[in-house]
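Participant:
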Amino acid sequence: MNKISYPLIGDYGVPAQYLLSHIFKDQIVVPPPITSKTIELGVKYSPDFVCTPFKYTLGTMIESADKGANILIQLGGGCRYGYYAELQEKILHDLGYDVKVINLITKGKPELKRILGSFKNINVKFRKSKLVYYGFITMKMLQYMDKVDDYIRANIAFEVEKGSFDLLRDEMLEKFKETKGFTNLYKIYKYYFKQIKKVEVHKPDNPLKIGVIGELYTLMEPFANGYLEKDLANNNIEIKRFTTATYLLLKKKKIMKRAFRKNKVIKYHLGADGADNVMNTKWLCNHGYDGIIHIKSAFCTPEIGAMPIISKIAGEKDVPVLFLTFDANTSEIGVKTRLEAFYDMLEMRKNK
Amino acid sequence: MKDCYLGVDIGSISTKGVIIDDNNNIIAEEYIWTEASPVEAVRKLVKILDEKLPSGYVVKGIGTTGSARKLIGLLLKANVVKNEITAHAIGTVTFYPDVRTILEIGGQDSKIILIKNGIITNYAMNTLCAAGTGAFLSSQAKRLGLDVKDFGEYALKSDNPVKIAARCTVFAESDLVHKAQAGYEKKDIIAGLCKSVVMNYLNNVGKGKKIVGPIIFQGGVSKNKGVIKYFEEILGQKVIVPENSHLMGAIGIAILARKNKTGHTYSLELEDTEFHTKGFECNRCANNCELLKIYRNNKIVDSWGSKCGKY
């Protein structure tokens with residue numbers, strides 16, 4: 001019997017598990033959470049100069065394959081990400097795993113026919129209608145998750161009782177796993193969002209605000225950025241992040257189309273989210289943010305292209321930008337020193 | 001009894017300590033090598049400082065900075081533990097209130113700090129590699145059979161520095177070997193090396209930053225006259241090197257310790273303090289966190305490295 005698995009990014013494993021477990025029932029293998037072992041595995045079998053998400057996802061794939069998965073799903077993107085699936089399949093074959101990696105997006109577009117075909121191969125009983133129905137629920141779930149996260153990001157630094165947001169959020173995700181339908185999902189979301197909004201926060205009138213931009217995987221997977229957002233929250237800083245699954249899947253296309261038509265900031269695509277980050281920098285500068293942290297995985301070409309433009313735009317508005325690069329073996333102390341200095345600087349600027 | 005404050009800057013190569021009084025005058029100072037054991041170095045340093053300290057002073061605050069700041073902060077029970085960027089800026093601004101740019105090249109890292117009206121407006125630190133730092137210079141000095149302290153003098157003698165790749169130490173080193181084997185004079189090679197340090201710094205750390213005067217140059221490498229010369233030549237401005245340039249971080253953190261004093265009195269006697277660390281690997285989950293437990297007088301005071309927060 002075919003067993004299907006998927007790589008992890010942030011908490012989006014929950015909707016992915018929901019969708020796949022409803023389409024393929026017991027044919028799915030839930031990947032183990034990302035740990036140091038995952039990265040070790042990924043680094044061991046990846047080319048050294050590949051970007052870090054490759055290493056993370058390969059690590060997860062090997063772990064899932066060890067648990068018995070033989071069909072692995074990989075997303076594609078507008079950069080090197082688009083070639084991950086093929087290369088990872090080759091590496092896994094060389095390692096002796098008899099697996100197939102399905103690339104959901106090719107040439108920047110999801111090719112529905114090909115995907116449906118390969119789903120049919122996994123399970124002959126696969127029905128399109130099921131995919132559509134649960135697909136829509138999953139989309140809705142992603143949107144709800146991101147809405148809740150946006151609120152939490154802006155407030156978590158100021159919660160009176162530490163950990164109360166995380167507790168509620170984890171509870172909500174647990175409930176999401178057992179969603180029965182649209183109404184049920186909406187009810188869970190409504191209930192928990194209400195509870196989350198009730199959490200007592202002591203927000204000062206003018207808190208430090210930082211926008212976090214950069215490459216999508218490093219942004220969305222807390223393990224890959226050394227729990228940057230947690231660190232920001234511990235230093236009483238309000239966080240704004242644009243890159244979420246909702247943004248990438250639903251909003252990006254429309255927003256960027258408009259941005260290219262109406263805006264004079266940027267003329268050409270930089271690949272992946274490069275141009276988006278330039279636009280976001282402009283937004284953050286215009287909306288009174290105190291600082292910007294730009295993070296990327298090592299060797300991320302689109303972001304390297306975007307960096308000089310970002311520092312130019314931010315420089316004109318006198319907003320400091322901290323550029324951080326993460327690889328699978330970044331020493332955390334170096335990053336901590338830079339972050340500490342960044343917080344100190346922002347505080348000094350604010351209190352002048 | 002007069003109050004005084006101790007600032008300790010524990011870098012990768014050297015450990016610096018100063019004691020200042022309420023008016024930021026330096027009462028005692030010391031500069032020793034870290035030799036990869038910060039705890040031992042600090043014990044030695046504090047002992048020397050204690051002997052140097054004139055009678056009639058009580059230590060009212062201790063601050064630590066540098067890459068081993070957290071560990072030493074626990075050893076000394078410091079009231080302030082701050083990163084070196086802030087410490088350097090505070091120290092420099094106290095002595096040069098109108099400074100606009102601080103260039104700092106230390107043992108293993110280099111940074112640039114931009115200041116406006118006494119406030120840090122931007123900074124950058126070298127990323128990924130140690131090209132053009134003190135460690136690079138001293139390893140090349142060894143290769144050339146010289147003491148790194150004489151480097152500056154040598155460089156000043158040359159009128160014709162050789163061109164040495166500035167991007168990356170690996171290329172710089174192979175360039176250097178080539179030039180030496182090709183028969184270039186030692187002084188020209190050293191001058192070229194100093195110039196490559198400056199070029200490397202401006203290309204990597206100073207990239208995209210507007211460098212405005214007054215410029216202050218500090219850190220261990222600022223003692224190298226050759227590097228100062230090429231900074232002035234390339235930037236076209238005067239570069240000020242304070243007399244205490246190598247101590248600026250320690251002074252800055254001492255000033256912060258003064259500002260944050262709690263009224264507690266500190267003792268500089270460390271001999272009775274037993275301090276050790278114990279590293280072990282937690283195998284409770286697949287993360288296999290490398291943990292470090294820190295014991296002070298056989299009592300656990302802190303532990304680092306845990307991802308889940310259990311320790």
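Residue numbers (my numbering), protein chains in the order written: chain U, 1 to 352; chain C, 1 to 311. We put the CB at the ideal spot given by N, CA and C, even for glycine. Keep in mind that this is a model prediction, so the values were computed, not measured.
(1) Count the other CB atoms within 10 Å of the CB of alanine 314/U; is the residue buried (16 or more) or exposed (fewer)?
(2) So that I know if they touch, is there some Cβ in chain U lying closer than 8 Å to that of asparagine 287/C?
(3) Below 8 Å on the Cβ atoms is my guess for valine 199/U versus phenylalanine 223/U; work out the distance and round it to an integer in Å.
(4) Can you check which of these residues, Val160/U, Leu20/U, Val265/U, is closest to phenylalanine 136/U by C-alpha distance?
(5) In chain C, what lies closer than 9 Å to glutamate 340/U by C-beta?
(6) Classify aspartate 9/C: buried if its beta carbon has 16 or more other beta carbons within 10 angstroms, exposed otherwise.
(7) Under 7 Å Cβ-Cβ, which residues of chain C neighbour threonine 57/U?
(8) What residue does the beta strand (DSSP E) around lysine 296/U start on, and which one ends it?
(9) List, in order along the chain, the chain U residues whose C-beta lies closer than 8 Å to that of threonine 121/C?
(10) Would you check if the distance between the CB atom of lysine 194/U and the CB atom of alanine 286/C is smaller than 8 Å?
(11) Just grab the DSSP bridge partners of leucine 18/C for me.
(12) On the DSSP bridge assignment, give the partners of phenylalanine 323/U in chain order.
(13) With 8 Å as the limit, tell me which residues of the stretch 30-55 of chain U have their beta carbon closer than that to any beta carbon of chain C; keep them in chain order.
(14) Grouping DSSP H, G and I as helix and E and B as strand, with all else coil, what is methionine 125/C?
(15) Closer than 7 Å by C-beta to asparagine 24/C: which residues in its own chain qualify, once you throw out the five before and the five after it? Chain order, please.
(16) Does DSSP classify glycine 106/C as helix, strand or coil?
(17) Going along the stretch 245-268 of chain C in order, which residues come within less than 9 Å of chain U, judged by CB to CB distance?
(18) When you check each C-beta in the stretch 197-214 of chain C against every C-beta of chain U, which residues fall closer than 7 Å?
(19) Out of Tyr123/C, Glu281/C, Tyr295/C, state which residue places its alpha-carbon closest to the alpha-carbon of serine 306/C.
(20) Report yes or no: is there a C-beta of chain C within less than 8 Å of the C-beta of serine 164/U?
(21) At a cut of 8 Å, does the stretch 47-57 of chain C reach the stretch 80-100 of chain C through at least three beta carbon pairs?
(22) Please report the Cβ distance between alanine 341/U and tyrosine 123/C, rounded to the nearest whole angstrom; I am assuming they are in contact, meaning their Cβ atoms lie under 8 Å.
(23) Use the C-beta contact count for serine 55/C: other C-beta atoms within 10 angstroms, 16 or more gives buried, fewer gives exposed.
(24) Is glycine 236/C helix, strand or coil when you go by DSSP?
(25) Could you tell me the boundaries of the alpha helix (DSSP H) in which histidine 276/C lies?
(26) Quick one: complete beta strand (DSSP E) runs, 3+ long, within the stretch 162-247 of chain U?
(27) Are the C-beta of proline 308/U and some C-beta of chain C separated by less than 8 Å?
(28) Runs of 4 residues minimum, wholly inside the stretch 255-291 of chain U: which ones carry the alpha helix (DSSP H) assignment?
(29) Based on Cα-Cα distance, which residue from Met1/C, Leu176/C, Glu153/C lies nearest to lysine 163/C?
Facilitator: Reading it off the structure:
(1) Classification of alanine 314/U: buried, given that the 10 Å Cβ count is 16 or more.
(2) Residue contact check for asparagine 287/C against chain U: a CB pair falls below 8 Å.
(3) About 25 Å; that fails the 8 Å criterion.
(4) The shortest Cα separation from phenylalanine 136/U among Val160/U, Leu20/U, Val265/U belongs to Leu20/U.
(5) Neighbours of glutamate 340/U on chain C, chain order: Lys82, Asn83, Ile85, Thr86.
(6) Aspartate 9/C is classed as buried because its beta carbon has at least 16 other beta carbons within 10 Å across all chains shown.
(7) Neighbours of threonine 57/U across chain C, judged by C-beta separation under 7 Å, do not exist; the nearest C-beta is about 17 Å away.
(8) DSSP places lysine 296/U inside the beta strand (DSSP E), whose first and last residues are 291-297.
(9) Under a criterion of Cβ atoms nearer than 8 Å, the residues of chain U adjacent to threonine 121/C are, in order, Asp318, Pro320, Met345, Arg349.
(10) Contact flag unset, no.
(11) The residue asked about is misnamed: residue 18/C is valine in this sequence, not leucine. Partner(s): Gly7/C, Glu29/C.
(12) Note: phenylalanine 323/U sits in a beta bridge opposite His294/U.
(13) Correct list: Pro32, Thr35, Ser36, Lys37, Thr38.
(14) Correct three-state label for methionine 125/C: strand.
(15) Around asparagine 24/C: Thr94, Ile255.
(16) Coil, per DSSP.
(17) None of the residues of the stretch 245-268 of chain C has a beta carbon lying less than 9 Å from any beta carbon of chain U.
(18) Here the close residues are Gly208.
(19) Here the closest residue by C-alpha is Glu281/C.
(20) Among the CB atoms of chain C, none fall inside 8 Å of the CB of serine 164/U.
(21) For the pair of segments examined, the stretch 47-57 of chain C was found not to touch the stretch 80-100 of chain C: the number of CB pairs separated by less than 8 Å stays below three.
(22) Rounded, the Cβ-Cβ distance is 6 Å, consistent with contact.
(23) So serine 55/C counts as exposed.
(24) For glycine 236/C, the secondary structure class from DSSP, reduced to helix, strand or coil, is coil.
(25) Going by DSSP, histidine 276/C is part of no alpha helix (DSSP H) but of the beta strand (DSSP E) stretching over 275-281.
(26) Counting only runs of 3 or more, we get 208-214, 237-241.
(27) Yes, its Cβ sits closer than 8 Å to a Cβ of chain C.
(28) Secondary structure remark: continuous alpha helix (DSSP H) runs of at least 4 residues inside the stretch 255-291 of chain U, in chain order: 274-286.
(29) For lysine 163/C, the closest of Met1/C, Leu176/C, Glu153/C by C-alpha to C-alpha distance is Leu176/C.
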